[in-house]
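One structure below.
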Amino acid sequence: MTAPAYRRILLKLSGEALVGDAGLGIDPDILDRFAAEVRDLAGSGVEVALVIGGGNIFRGAALAARGLDRVTGDQMGMLATVMNALAMQDALERHGVAVRVMSALKINQVCEDYIRRRAIRHLEQGRVVIFAAGTGNPFFTTDSAASLRAIEIGADLMIKATKVAGIYSADPLVDPDATFYPRISYDRALREGLQVMDTTAIVLCRDHRMPLRVMNINEPGALSRLIRGEEVGSLVVS
Ligand code: UDP
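Our numbering numbers the first residue of the sequence shown as 125 and each following residue consecutively.
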């Protein structure tokens, strides 16, 4: 296999990507397919960190809209990301991948606490690390957590897995005339209000010069091609 073009990457998967046709929770077949992709990535020699969202279970803002206290809702959302992380850990282990879940909230009977140096050590040892519980703070998203962790661990690239091929001028699933952007700056994405990530996540990446690839996770083999250095999806740079 061709040597990977990156030493260390952080892959952000949304919780919704795990849902499938079930509508809620985790589809075991989808989880298994993602786990196989991550196994292939790790097998190619690149160090892999994962952040998985929780939107397939709970989102604080949605709970607050139904009357729940926002901070409590966000805590429920963060705990949802821990459940997804445990499911992914299990799926990866079934594929023979060494993996650790590290949580930003302390629940160390279930998984490790997030300690930056220990996370880097796991990665250096070839273990996949799943960062759970977002940033550990309410009012943030797992996109912001992914940006933060990617910067903290010195990833060469952050990858945001989506349902579309990359960044467009409008939602391509709604507007067939939407323009595809193969490469764009964070400032332009902000200026034009493009659906890349929330502002906090974009600004973190921009200010710390963390490049981002936005790509379609449902395109078989795309992740492997990206890791081998091919132009896949859209690249966002400072
Ligand atoms: N969340 C939070 N702080 C964080 C990350 C996440 O409070 O640092 C909560 C928030 O309520 C969010 C939920 O966890 O809606 C699930 O995360 P997110 O919506 O980012 O998941 P995704 O859309 O990627 O599935």
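Using N, Cα and C, we set each Cβ at its ideal position, and we do this for glycine too.
Contact annotation: the stretch 292-305 does not touch the stretch 344-351, with fewer than three C-beta pairs closer than 8 Å. Judged by DSSP in its simplified three-state form, Ala285 adopts strand. The straight-line gap separating the alpha-carbon atoms of Thr303 and Ala160 is approximately 32 Å. Counting of Cβ neighbours within 10 angstroms places Pro300 among the exposed residues, the total staying below 16. Bounds of the beta strand (DSSP E) holding Ala173 are Glu171 to Ile176.
The straight-line gap separating the alpha-carbon atoms of Asp280 and Tyr130 is approximately 6 Å. Those residues that have a beta carbon less than 5 Å away from any non-hydrogen atom of ligand 1 are, in order along the chain, Ser138, Gly139, Gly177, Gly178, Gly179, Arg183, Gly184, Asp198, Gly201, Met202, Gly258, Thr259, Pro262, Phe264, Thr265, Thr266 and Ala269. At a cut-off of 3 residues, the continuous stretches assigned as beta strand (DSSP E) that sit fully inside the stretch 283-319 are 307-309. Beyond the five residues adjoining it in sequence on each side, Arg330 comes within less than 6 Å, by CB distance, of Tyr310 and Ser362 in the same chain, given in chain order. Ranked by Cα distance from Pro128, the first of Val356, Ser358, Arg352 and Val360 is Arg352. Scanning Ile154, Lys287, Leu135 and Glu171 for the CA closest to the CA of Gly144 turns up Ile154. Ile244 and Leu174 do not touch by the CB rule: their CB atoms are close to 15 Å apart, not below 8 Å. Between the stretch 192-203 and the stretch 282-294 there are fewer than three C-beta pairs closer than 8 Å, too few to call the two in contact.
The C-beta of Thr126 has fewer than 16 other C-beta atoms within 10 Å across all chains shown, which makes the residue exposed. The three-state secondary structure of Leu137, taken from DSSP, is strand. When only Cα atoms are considered, Met339 and Ile231 end up about 32 Å apart.
Between the C-alpha atoms of Pro335 and Asp322 there is a straight-line separation of about 15 Å. By alpha-carbon distance to Met207, the top candidate from Arg132, Arg315, Arg251 and Met226 is Met226. Secondary structure of Arg163 (DSSP, three-state): helix. Bounds of the alpha helix (DSSP H) holding Asn208 are Arg194 to Arg218. Where Ser348 is concerned, there is no enclosing beta strand (DSSP E), although the alpha helix (DSSP H) around it starts and stops at Ala346 to Ile351. Residue pairing by DSSP places Phe255 opposite Val175 and Met226 in a beta bridge.
Closest by C-alpha distance to Asn180, out of Gly250, Met202 and Val172, is Met202.
In the DSSP assignment, Arg337 falls within the unbroken beta strand (DSSP E) covering Leu336 to Asn340.
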